[in-house]
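Presented below is the structure to which this report refers.
Number of protein chains: 2
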Amino acid sequence: MDVHALEMIELELAILIRRTTSISSNKKFGNLDRSAYLILRRIKEKGAAGVKVLAEEFKLDISTVSRQAAALEHKDYLYRIPDPLDGRAYSLQLTEQGTKELSDYKQERLKRITELLEDWSDEERKLFGVLLEKFNQSFN
Amino acid sequence: MDVHALEMIELELAILIRRTTSISSNKKFGNLDRSAYLILRRIKEKGAAGVKVLAEEFKLDISTVSRQAAALEHKDYLYRIPDPLDGRAYSLQLTEQGTKELSDYKQERLKRITELLEDWSDEERKLFGVLLEKFNQSFN
DNA sequence: TAAATTGATTGTATAATACAATTACATACT
DNA sequence: AGTATGTAATTGTATTATACAATCAATTTA
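Each protein sequence line maps, in turn, to chains Y and H. The first sequence runs 1 to 140 under my numbering. The second sequence runs 1 to 140 under my numbering.
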């Protein structure tokens, strides 16, 4: 196995994470943080879900998702649909505002990434996407 | 330009960052967090440096690096070398313990990544490393 | 030598997370 | 039916990484 490649990945991942961590904390393009964004996206793509399901999918603690969901509800980006079979449970659905905010935020992110990668070839961009996806899937 | 590839990168980056953020906060393989690790590594590879230089290289606030350096000094992983020309300044060098800890930690990280990527081809690993590096460089 | 600048630290705030305790409801067991 | 156990969600508390502002001490400049 090619140790050099692994070392390179190991280092560059550390750098990437640290870099983007600080960017997200200071800058904050729109009104959404990364986690909020992923929640809205998930709901838009796969439909309403409760905090437990979301927490499992994201591999986060339920309490973490609960707070994020509460914040999103408070901003009127999500609303609750009570579970008819279980008085404790509910699921979360996008409001119209949430849908709009999601779309705006996604556009901003996309724009930023497009700028960052403007000198890349199409081939490189495609491969980078594929490999990132594959990497994320290795975690599951 | 291939919008689909960009969208994929955009999404997978968000996922990657969130995932690794939570891993580093809960798990913590060894005694080092990511930033501490990058500092030690930088010093090992490029020699002693003061907090200002490190902060610039890492694009972090000086105060952040100052605290990290203080923590590493406290653990006896780094020691200060006073600047002979400027009574305020100093640079940081690895202690023997720091060198050892760095090497152990790096091994652990490498091991973990090796496991994660064990099903990948050499070619894929190599490309992923190269593209991550290129991506990180786009930030500069 | 007084004023401005600079390297570093410290105070304070924020954000994302986890774990533990709690609340309120649901299910299962005699 | 009633108690015990389990479960969805929230809330309290702690930690970690970060930034920005204030400060301290030394240096440089006018």
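Backbone N, C-alpha and C define an ideal beta-carbon position, used for all residues, glycine too.
Roughly how many whole angstroms lie between the Cα atoms of residue i and residue j?
| i | j | result |
| --- | --- | --- |
| Ser-63 of chain Y | Glu-123 of chain Y | 41 Å |
| Asp-2 of chain H | Lys-111 of chain Y | 13 Å |
| Ile-9 of chain H | Ile-81 of chain H | 43 Å |
| His-4 of chain Y | Tyr-90 of chain H | 34 Å |
| Leu-132 of chain Y | Phe-128 of chain H | 8 Å |
| Glu-96 of chain Y | Tyr-79 of chain Y | 10 Å |
| Asp-104 of chain Y | Ile-17 of chain H | 20 Å |
| Thr-114 of chain H | Asp-33 of chain H | 19 Å |
| Phe-139 of chain Y | Gln-107 of chain H | 19 Å |
| Val-130 of chain H | Asp-86 of chain Y | 50 Å |
| Lys-134 of chain Y | Pro-84 of chain H | 51 Å |
| Tyr-37 of chain Y | Asn-136 of chain Y | 17 Å |
| Lys-46 of chain Y | Leu-6 of chain H | 21 Å |
| Phe-58 of chain H | Ile-15 of chain Y | 9 Å |
| Arg-19 of chain H | Ser-121 of chain Y | 28 Å |
| Leu-54 of chain H | Asp-119 of chain Y | 28 Å |
| Ala-71 of chain H | Ala-48 of chain H | 17 Å |
| Tyr-77 of chain Y | Glu-56 of chain Y | 21 Å |
| Arg-88 of chain H | Leu-60 of chain Y | 44 Å |
| Arg-109 of chain Y | Arg-109 of chain H | 29 Å |
Going along the chain, which residues of its own chain have a beta-carbon closer than 8 Å to the beta-carbon of residue i, five neighbours each way excluded?
| i | result |
| --- | --- |
| Lys-44 of chain Y | Leu-94, Thr-99 and Leu-102 |
| Val-51 of chain Y | Ile-62, Val-65, Ser-66, Ala-69 and Leu-92 |
| Arg-125 of chain Y | Leu-117 |
Compare the Cα-Cα distances from residue i to each of the options and report the closest residue.
| i | options | result |
| --- | --- | --- |
| Glu-12 of chain Y | H:Ser-91, H:Arg-41 and H:Glu-118 | H:Arg-41 |
| Glu-147 of chain Y | Y:Phe-135, Y:Phe-139, Y:Ile-39 and Y:Phe-58 | Nothing about residue 147 of chain Y can be read from this structure; chain Y reaches only from 1 to 140. |
Once the 5 residues before and after residue i are set aside, which same chain residues still bring their CB inside 7 Å of it?
| i | result |
| --- | --- |
| Ser-35 of chain Y | Gln-68 |
Going by beta carbon distance, what residues of the same chain come within less than 6 Å of residue i, once the five residues before and after it are set aside?
| i | result |
| --- | --- |
| Lys-75 of chain H | none |
### Task
Mind listing, in chain order, the continuous beta strand (DSSP E) runs of no fewer than 3 residues lying wholly within the stretch 66 to 139 of chain Y?
78 to 82 and 90 to 94
### Message
Which residues of the stretch 33 to 65 of chain Y have a Cβ closer than 9 Å to any Cβ of chain H? Give them in chain order.
### Response
Arg-34, Ser-35, Tyr-37, Leu-38, Arg-41, Phe-58, Lys-59, Leu-60, Asp-61 and Thr-64
### Query
If you measure beta-carbon to beta-carbon, which residues of the stretch 120 to 138 of chain H are closer than 8 Å to chain Y?
Trp-120, Asp-122, Glu-124, Arg-125, Lys-126, Leu-127, Phe-128, Gly-129, Val-130, Leu-131, Leu-132, Glu-133, Lys-134, Phe-135, Asn-136 and Ser-138
#### Entry: the stretch 86 to 109 of chain Y: positions lying closer than 9 Å to chain H by Cβ
Lys-106 and Arg-109
### Message
Please list, in chain order, the residues of the stretch 10 to 21 of chain Y that have any C-beta partner in chain H closer than 8 Å.
### Response
Glu-10, Leu-11, Glu-12, Leu-13, Ala-14, Ile-15, Leu-16, Ile-17, Arg-18, Arg-19, Thr-20 and Thr-21
### Task
Could I get the ranges of all uninterrupted alpha helix (DSSP H) runs contained in the stretch 31 to 60 of chain Y, with 4 residues as the minimum, in chain order?
34 to 46 and 51 to 58
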